[in-house]
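Peer 1:
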Amino acid sequence: RSKESGKNNYQVFNQAMKTGSLQKLKMESELRRALQNGEFELYYQPQMEVSSGKIVGMEALIRWMHPTRGIVPPREFIPVAEESGLIVPIGEWVIMEACRQNKKWQDEQLLHVPVSVNLSVRQFLQPSLKEKIANMLEITGLAPEYLDLEITESMTMDVDFATTNLLELKNLGVQISIDDFGTGYSSLSYLKKFPIDKLKIDYSFVRDIMSDPNDAAIVATIISMAHHLHLEVIAEGVETKEQLTFLDRNRCNHIQGYWFSPPVNSVQIEELLHSRRSEVS
Ligand code: C2E
Ligand code: MG
Ligand code: MG
Ligand code: MG
304 RSKESGKNNY QVFNQAMKTG SLQKLKMESE LRRALQNGEF ELYYQPQMEV SSGKIVGMEA
364 LIRWMHPTRG IVPPREFIPV AEESGLIVPI GEWVIMEACR QNKKWQDEQL LHVPVSVNLS
424 VRQFLQPSLK EKIANMLEIT GLAPEYLDLE ITESMTMDVD FATTNLLELK NLGVQISIDD
484 FGTGYSSLSY LKKFPIDKLK IDYSFVRDIM SDPNDAAIVA TIISMAHHLH LEVIAEGVET
544 KEQLTFLDRN RCNHIQGYWF SPPVNSVQIE ELLHSRRSEV S
């Protein structure tokens, strides 16, 4: 009997695996189609200077406008794109589109702040990344200091490779940020080796700063360390006035989060900018 149920378990497991990989294959081909059909869209989330309330940057965040499933968030397809390698052409589209949009907003005198894009591991490992970015800056006419590349600590494990790679990227004149700072396993020593401009304090620390003294201590310490290292620092996932006050008191100059604005599409960003402009004048 036990033998039989063991066999059943195996079949169930095997079936589940098949479904899993079939689903992945299906999504892969859908992603390929999505890229061809232009189903991806960039949403933008403004980054705010606490002292002035001014917009100081925008993070571009990809959305998949699926013809039947509606808006698919990145956590549902980026892992499959990453695994299949499709993240490389998708990521290139993201950089190109972010540069194009940012240049357009500058030309229209709507906005003169950098755009941040998320790099994936695969993209970061591509030897041709630097040339590709140089090309996209040239084609779109965007000045390099208006492009901010967000990498994560997981990409810095091979310190020698990361140092060389980042120096080459930095030589283009772009900015470099460490995203989700504090969640990786890498040693802090890279902070003095890498040519980075900014630390983004991960949402998971910011979330509970009002209730968890440990998180409050971690956030305050990251901010202080960033200042000592002459790095910019921004807190992600700021949702409440109380969090904002805490961050301000601890001298975190920049924030990003629902408190100011969720990520929205380019039309909504333009509306936001127009309304703020008429407020000022
Ligand atoms: P991330 O780069 O850390 O982006 C911040 C995420 O936090 C975004 O989720 C944003 O919508 C969310 N967020 C912002 N403010 C708040 C807040 O106040 N509260 C809460 N709970 N969440 C907030 P999103 O857009 O779903 O993106 C998730 C992740 O997907 C990103 O995390 C990034 O790692 C990845 N991703 C997004 N776009 C791209 C892309 O173009 N390429 C690559 N490789 N990855 C991307
Ligand atoms: Mg990011
Ligand atoms: Mg982040
Ligand atoms: Mg995050």
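Under UniProt numbering, the sequence shown is numbered contiguously, ending at residue 584.
Note that beta-carbon positions come from the ideal geometry of N, C-alpha and C, so glycine has one too.
Here the structure is a predicted model, which is why all the values come from computation and not from measurement.
1. Label residue 480 either buried or exposed according to how many other C-beta atoms from any shown protein chain fall within 10 Å of its C-beta, with 16 as the threshold for buried.
2. With respect to 6 Å, is the separation between the Cβ of residue 482 and the closest non-hydrogen atom of ligand 2 below this value?
3. Using a 10 Å radius around the Cβ and a threshold of 16 neighbouring Cβ atoms, would you call residue 449 buried or exposed?
4. Less than 8 Å between the CB atoms is what I'm expecting for residue 436 and residue 477, so what's the real figure, rounded?
5. Could you give the DSSP three-state label for residue 469: helix, strand or coil?
6. To the nearest angstrom, how far is the alpha carbon of residue 527 from that of residue 553?
7. When burial is assigned at 16 or more other CB atoms within 10 Å of the CB, is residue 418 buried or exposed?
8. Are the beta-carbon atoms belonging to residue 566 and residue 364 less than 7 Å from one another?
9. Mark residue 388 as exposed unless 16 or more other C-beta atoms lie within 10 angstroms of its C-beta, in which case mark it buried.
10. Considering only their Cβ atoms, is the gap separating residue 536 from residue 558 smaller than 7 Å?
11. Any idea if residue 550 is buried or exposed, counting beta-carbon neighbours within 10 angstroms, 16 or more meaning buried?
12. Are the CB atoms of residue 522 and residue 504 within a distance shorter than 7 Å?
13. Could one say the Cβ of residue 474 lies closer than 7 Å to chain B's Cβ atoms, at least one of them?
14. Taking 6 Å as the cut-off, is the CB of residue 456 close to at least one heavy atom of ligand 2?
15. Ligand 3 and residue 542: does any heavy atom of the ligand fall closer than 6 Å to the residue's C-beta?
16. For the candidate residues 408, 329, 358 and 357, whose alpha-carbon lies nearest to that of residue 601?
Peer 2: Looking at the atomic coordinates:
1. buried
2. yes
3. buried
4. 7 Å
5. helix
6. 8 Å
7. buried
8. yes
9. exposed
10. no
11. buried
12. yes
13. No chain B appears in the structure shown, which is made up of a single protein chain.
14. no
15. no
16. Here the chain has residues from 304 to 584 only, and residue 601 is not among them.
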